[in-house]
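Below is one structure, written out as structure tokens, with a few remarks after it.
So this is what it looks like as structure tokens:
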């Protein structure tokens, strides 16, 4: 039954996209995209800027052990995997751990990188809550119809205790050590130890990071700034499409779309869910259906273009065998 539900995600997502396209007029929306033309390509490199701020937060959590430019590339790969591949949002984190671990001179590098990613995800959850609340406030203040934000507001209120529970569990420690013990019992010894992660060491590394409130605040600030800067994509896209909107509207569209996409993680690559949210929030700010749909199309095309570039870079790095990390490992063995 579970496998059947997984397979049904794709036809359900495509059906939702088709319904949106038919309702809001895909032909008129595509004409707006064609009219904007090649200028829309500027949205692809623009996305690198908020990603740089996000990588900076990760850079701090890793205690600057890996160059920011390297983490910037790895962050692009992480996002591409999480956005484009149907792996419930964790594939990007696993890819990030795999790549970043190769650039550290530390016998516990896998544990250190894993701890930074776990804490970064926790910080990201906090940022997404704050950003979503900002988006809801802007929606209620500046839209003609804030009904679309009610369901999001209720969902945020109901799920608000979850980040605090997760923080308490990680701060207490022992979570990953317990999971490692379970894996040892359930899996063959070779499979259980193949990850190279010591659960006890990982718990200790996480507690160290969570015990540094100023570091967590700095990571939060950089990530939140990245989310705000990401709204520039919405603002510029609407301007290029000939339907300029306020900065507040752009932030609200970005914030609520991010929140809904993360909440409905079962949708493969957010297909259908993202488009429906963009259209609904944009229309709440008085943007016509065709322009709202064209914005959703442009957003999806930018994600695909950026994801293809990032995954291609990943493949090149993997194919070359990451010569720098190999040299690092040789020096470490000496």
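Residue numbers (the numbering used here): -17 to 316. Glycine is no exception: its CB is placed at the ideal position from the N, C-alpha and C atoms.
Taking 7 Å as the cut-off, the beta carbon of residue 189 is found no closer than this to the beta carbon of residue 26. Distance from the Cα of residue 8 is smallest, within the candidate group 275, 293 and 109, for 275. Ranked by how close their Cα comes to the Cα of residue 145, the residues 107, 53, 86 and 194 have 107 in first place. In the structure shown, residue 86 falls within a coil segment according to DSSP collapsed to helix, strand and coil. Non-local beta-carbon contacts of residue 260 in its own chain, meaning distances under 7 Å to residues more than five positions away in sequence, involve 235, 239, 274, 277, 278 and 281 in chain order. The alpha-carbon of residue 224 is positioned some 21 Å away from that of residue 211. Taking a contact as a CB-CB distance under 8 Å, the pair residue 50 and residue 233 does not count as one, their CB atoms being some 26 Å apart. Counting only the Cα atoms, residue 63 lies some 29 Å from residue 14. For the pair of segments examined, the segment 86 to 106 was found to touch the segment 194 to 211: the number of CB pairs separated by less than 8 Å reaches three. Each residue's CA atom was taken as its position, placing residue 231 and residue 183 some 45 Å apart. Under the DSSP assignment, residue 124 falls in the alpha helix (DSSP H) whose first and last residues are 91 to 124.
Here the alpha carbons of residue 90 and residue 142 stand approximately 34 Å from one another. Distances from the alpha-carbon of residue 149 to those of 32, 130, 191 and 114 put 191 closest. The Cβ atoms of residue 36 and residue 208 lie closer than 7 Å to each other. Under the DSSP assignment, residue 269 falls outside any alpha helix (DSSP H); it carries neither an H nor an E label. Assigned with DSSP and collapsed to three states, residue 29 falls in coil, not helix or strand.
According to the DSSP assignment, residue 56 belongs to the alpha helix (DSSP H) that extends over 50 to 66.
If you draw a straight line from the Cα of residue 34 to the Cα of residue 269, it is about 30 Å long. Annotation: residue 196 to residue 110 spans about 19 Å, alpha carbon to alpha carbon. Inclusion of residue 65 and residue 78 in the CB contact set at 7 Å is not warranted, their separation being larger than that value. Per DSSP, reduced to three states, the secondary structure at residue 227 is coil, with no helix or strand assignment. A straight-line Cα-Cα distance of about 44 Å links residue 12 and residue 84. Rounded to whole angstroms, residue 266 and residue 154 show a C-alpha spacing of 43 Å.
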